[in-house]
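K.L.:
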Amino acid sequence: MRASQDELIRGGTARRGGRRRVFAAAVLAAAMALTGCTGSGGDDKPSSWQGGGEKGPKASATITEPAADAKDVPASTAVTFTTKEAEETTVELKDSAGKVVEGQLAKDGKSWLPDGALAYGETYTATVTATGDDGKPATATSTFTTMAKPGKQIRVTSFLGDNQVVGVAMPLIVKFGRAIPEDYRDDLQRRMTVTAKPAQEGIWHWVSPTEVRYRPKEFWKANSTVTYKVQAGGLPLGDGWYGRSDLTVDIKIGPSFVMTVDNRTKKMTVTRDGQVIKTILVSLGKKTTPSSSGTMVVIEKLRHTVFDTMEELGPEEGYRTEIDYAQRLTWGGEFIHAAPWSEGVQGRTNVSHGCVNVSMKDGNWLFANTRIGDPITVKGTERKLQNGNGWTDWNMSWDEYVKGSAVPYEPPAEPGDDTSPSADEPSVEPTP
1 MRASQDELIR GGTARRGGRR RVFAAAVLAA AMALTGCTGS GGDDKPSSWQ
51 GGGEKGPKAS ATITEPAADA KDVPASTAVT FTTKEAEETT VELKDSAGKV
101 VEGQLAKDGK SWLPDGALAY GETYTATVTA TGDDGKPATA TSTFTTMAKP
151 GKQIRVTSFL GDNQVVGVAM PLIVKFGRAI PEDYRDDLQR RMTVTAKPAQ
201 EGIWHWVSPT EVRYRPKEFW KANSTVTYKV QAGGLPLGDG WYGRSDLTVD
251 IKIGPSFVMT VDNRTKKMTV TRDGQVIKTI LVSLGKKTTP SSSGTMVVIE
301 KLRHTVFDTM EELGPEEGYR TEIDYAQRLT WGGEFIHAAP WSEGVQGRTN
351 VSHGCVNVSM KDGNWLFANT RIGDPITVKG TERKLQNGNG WTDWNMSWDE
401 YVKGSAVPYE PPAEPGDDTS PSADEPSVEP TP
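The sequence shown begins at 1 in UniProt numbering and counts up one residue at a time.
Here is the structure:
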């Protein structure tokens with residue numbers, strides 16, 4: 001477990017008490033060291049106060065990270081601080097030219113993170129101002145310099161692109177160009193946030209050392225907007241490697257289009273936004289090559305393709321067949337697709353090699369109405385879906401899924417809790 005960063009909310013000013021915490025400020029950044037503050041006489045005091053003969057302020061502030069005059073500070077640094085007797089705390093970070101850096105104050109009001117990686121080899125000054133009930137401000141400052149651009153950087157990529165519209169079961173998929181050591185995954189995951197409107201509970205799940213995914217507890221709400229951000233730029237990721245850059249992606253969730261296949265009836269039921277809109281006859285995998293039972297997700301759509309299993313199965317069992325309206329469900333080769341050769345038995349007998357066979361007409365209709373990320377659940381076959389064989393995020397229970405998080409899961413705050421986002425603030429769900 002390495003240094004942690006609390007869940008972030010917008011703003012930069014913290015007030016004590018009240019149902020709604022008000023946060024307003026502009027920035028801080030840091031590396032990690034001891035207290036870095038300046039007093040009026042060069043003493044190691046937590047705050048400075050210029051008030052003549054007046055009594056000093058009740059409040060005080062101390063910047064704990066980064067230390068004053070620190071060098072080689074990671075460009076991903078957060079600023080952490082402590083205050084005493086403070087009714088209001090503001091944070092500001094400026095570069096050497098005096099330009100303010102925008103950022104986010106942690107929910108607990110004890111640290112602040114820039115909205116993006118800081119520039120390499122630049123000098124910044126962080127200022128924390130604490131004001132008590134006497135109205136007198138006390139300030140703490142820390143001037144530090146970020147490290148030179150590192151030579152060993154890890155690329156961060158997203159499967160989805162901006163403005164893409166996807167189905168309600170689409171997991172958010174982030175990949176890294178190099179394996180992230182376990183001891184660094186919690187640091188990285190705390191820099192990964194998901195904002196959904198309307199708000200929805202969800203969590204990150206490490207599929208492998210190079211891939212992490214996010215899904216909500218239930219399917220995405222239809223027509224939601226989702227933004228996910230990975231603040232990996234300049235972040236130490238082990239063995240002298242650092243994140244190459246930050247990543248932000250904005251997507252939209254489409255209508256709820258859900259397919260359910262029952263092997264007992266040999267039928268697919270299709271619902272849109274909770275209403276049954278179509279029932280389709282199907283033929284599933286025969287006993288020697290059964291279809292998988294479980295919840296799968298449409299991974300890719302191919303209007304026309306060729307299924308070729310000659311190399312895999314050999315000349316006796318293999319086949320090479322042209323296919324229309326193919327929608328991939330597993331990496332192992334299960335698809336929904338049109339199968340005109342089985343139309344006579346669809347709804348009665350399973351004859352496929354594991355795919356969900358439908359008629360040409362129904363295959364065309366499905367292909368025209370589905371999106372990447374739409375879910376399909378197959379029930380009652382002889383084989384269970386193996387996790388990892390496709391986007392099987394929904395084939396796991398919520399309790400199973402949270403075990404893949406590098407950060408302990410914390411349920412969202414109850415309505416009315418003063419840490420909850422207010423009605424006029426964007427809803428940022430916990431993303432452990």
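Glycine included, C-beta positions come from ideal geometry on N, C-alpha and C.
Which of the three DSSP states, helix, strand or coil, is assigned to L329?
P.N.:
Translated into positions along the sequence shown, residue 329 becomes position 329. Here L329 sits in coil by DSSP.
K.L.:
If you draw a straight line from the C-alpha of G116 to the C-alpha of V101, how long is it?
P.N.:
Along the sequence shown, one-based indexing puts residue 116 at 116. Along the sequence shown, one-based indexing puts residue 101 at 101. C-alpha separation (whole angstroms): 9 Å.
K.L.:
Between which two residues does the alpha helix (DSSP H) holding E87 run?
P.N.:
On the sequence shown, position 87 is the one that residue 87 refers to. That residue, E87, is in no alpha helix (DSSP H); it is neither H nor E in DSSP.
K.L.:
Is the segment 285-296 close to the segment 391-406, with three or more CB pairs under 8 Å?
P.N.:
Because the criterion of three Cβ pairs below 8 Å is met, the segment 285-296 and the segment 391-406 touch.
K.L.:
Skipping 5 residues on each side, what residues in its chain have a beta carbon closer than 8 Å to that of K266?
P.N.:
Position 266 of the sequence shown, counted from the first residue, corresponds to residue 266. L281, V282, S283, L284, Q346, G347, R348, T349, N350, listed in sequence order.
K.L.:
Kindly indicate which three-state DSSP category A25 falls into: helix, strand or coil?
P.N.:
Numbered from its first residue, the sequence shown carries residue 25 at position 25. The predicted model places A25 with a pLDDT of 34, which falls under 50 and marks its position as unreliable; any figure quoted below should be read in that light. Correct three-state label for A25: coil.
K.L.:
Can you give me the start and stop residues for the beta strand (DSSP E) that M396 sits inside?
P.N.:
Counting from one through the sequence shown, the residue named residue 396 turns up at place 396. Neither: M396 is in no beta strand (DSSP E) and is coded neither H nor E.
K.L.:
Starting from D262, trace the beta strand (DSSP E) in both directions and tell me its first and last residue.
P.N.:
Locating residue 262 in the sequence shown gives position 262, where the first residue counts as 1. Per DSSP, D262 belongs to the beta strand (DSSP E) from 257-262.
K.L.:
Can you tell me whether D308 is helix, strand or coil according to DSSP?
P.N.:
The residue labelled residue 308 in the question sits at position 308 within the sequence shown. It is a strand residue.
K.L.:
With 16 as the cutoff for other CB atoms within 10 Å, does H205 come out buried or exposed?
P.N.:
As a working mapping, residue 205 is identified with position 205 in the sequence shown. It is buried - the Cβ of H205 has at least 16 other Cβ atoms within 10 Å.
K.L.:
Report yes if the CB atom of W391 is closer than 8 Å to the CB atom of I299, and no otherwise.
P.N.:
Residue numbering aside, residue 391 sits at position 391 when the sequence shown is read from its first letter. Residue numbering aside, residue 299 sits at position 299 when the sequence shown is read from its first letter. Contact: yes.
K.L.:
According to DSSP, is L188 helix, strand or coil?
P.N.:
Working through the sequence shown from its first residue, we reach residue 188 at position 188. Correct three-state label for L188: helix.
K.L.:
Please name the residue in W112, E410, T123, G109 whose C-alpha comes closest to that of D69.
P.N.:
Within the sequence shown, residue 69 is the residue found at index 69, counting from 1. Measuring from the Cα of D69, the nearest candidate turns out to be T123.
K.L.:
Starting from N364, trace the beta strand (DSSP E) both ways and give me its first and last residue.
P.N.:
In the sequence shown, counting from the first residue as 1, residue 364 sits at position 364. Run containing N364: none in the beta strand (DSSP E); it sits in the alpha helix (DSSP H), 360-369.
K.L.:
Just reading off the beta strand (DSSP E) that D250 is part of, what are its end residues?
P.N.:
Counting from 1 along the sequence shown, the entry for residue 250 is found at position 250. Unbroken beta strand (DSSP E) run through D250: 247-253.
K.L.:
Quick one: is V306 buried, meaning 16 or more other Cβ sit within 10 Å of its Cβ, or exposed?
P.N.:
Against the sequence shown, residue 306 aligns to sequence position 306. It counts as exposed.
K.L.:
Below 6 Å CB to CB, which residues in the same chain sit around G404 once its five sequence neighbours on both sides are set aside?
P.N.:
Position 404 of the sequence shown, counted from the first residue, corresponds to residue 404. Counting only Cβ-Cβ distances below 6 Å, and skipping sequence neighbours, we find H205, W206.
K.L.:
Going by alpha carbons, who is nearest to V128 out of V165, G167, T145, K84?
P.N.:
To locate residue 128, count along the sequence shown from 1; it is residue 128. Minimum Cα distance to V128 is reached at K84.
K.L.:
Once you ignore the five residues that flank V230 on each side, which residues in its own chain have a CB closer than 7 Å to its CB?
P.N.:
As a position in the sequence shown, residue 230 is number 230, starting the count at 1. The residues are V156, V174, R191, M192, D246, L247.
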